[in-house]
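Working notes for the structure below.
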Amino acid sequence: MKIMFWMTAVGLLIITPSTNAQDEDENLYQFIVGRYQIIGRFPDSSDPYTGALTVSYENAQLTIVRNVNGKKINAVGKIVEAVDQVKVLRISFTEKSIEYDGTFLIKSDLDNYGRLSGYIYRRDQKTKSPGLEAWFIDHPDDQ
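Count the sequence shown with the working numbering and you get residues 3 to 145, in order.
Below you can see the structure in the form of structure tokens.
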């Protein structure tokens, strides 16, 4: 009986961290779902852009629909661990036949909505200056 108890206890200890990490990721995905206003600039460019995007999470898939300069661009995203186990959002999208990747810090604004900021890179080449982008929640009560 004691052996069964200890085997069960050890099994639960082994499973629990993985489950907690999955729950944490699930919570982060739900936290960033919504509509955002964005500002940024592309890599190796000094020209700013503005736009909007929608983040949705269904069937364990994060999709992003970007609308920048009047053009809709579909992107996919995933939460991954960066240095020191900090969770970041990695996105990928293609615009004008150029593939881009982005890495975003996930924070909250003063109203506890998601606020993301990060760098955009061209996937196929090095850049002298990475692109920058910040996402600001488009508050539901402002509609």
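All C-beta atoms, glycine included, are put in the ideal place defined by N, C-alpha and C.
So is residue i buried or exposed if we call it buried at 16+ other beta carbons inside 10 Å?
i, result
"L55", "buried"
"A84", "exposed"
"G72", "exposed"
"A62", "exposed"
"E135", "buried"
"K130", "exposed"
Is the beta carbon of residue i less than 7 angstroms from the beta carbon of residue j?
i, j, result
"I34", "V57", "yes"
"I108", "G36", "no"
"R92", "K74", "no"
"V70", "G53", "yes"
"R1", "E101", "Nothing can be reported for residue 1: it is not among the residues displayed for the chain, which extend from 3 to 145."
"V90", "T105", "yes"
"G133", "R43", "yes"
What does DSSP give as the partner residues of residue i in its beta bridges?
i, result
"T96", "E101"
"R117", "K109, F138"
"K128", "Note: K128 sits in no beta bridge, so no partner."
"V90", "V82, L107"
Could you round the C-beta distance between residue i and residue j to whole angstroms and report it? I think they count as a contact, below 8 angstroms.
i, j, result
"I122", "P45", "6 angstroms"
"Y38", "L64", "So it is not a contact: roughly 13 angstroms between Cβ atoms."
Is there a C-beta anywhere in chain B that falls below 7 angstroms from the one on residue i?
i, result
"I34", "Absence of chain B from the displayed structure is noted, only one protein chain being present."
Subject >> Continuous alpha helix (DSSP H) assignments of at least 4 residues falling wholly in the stretch 19–72 >> reply: none
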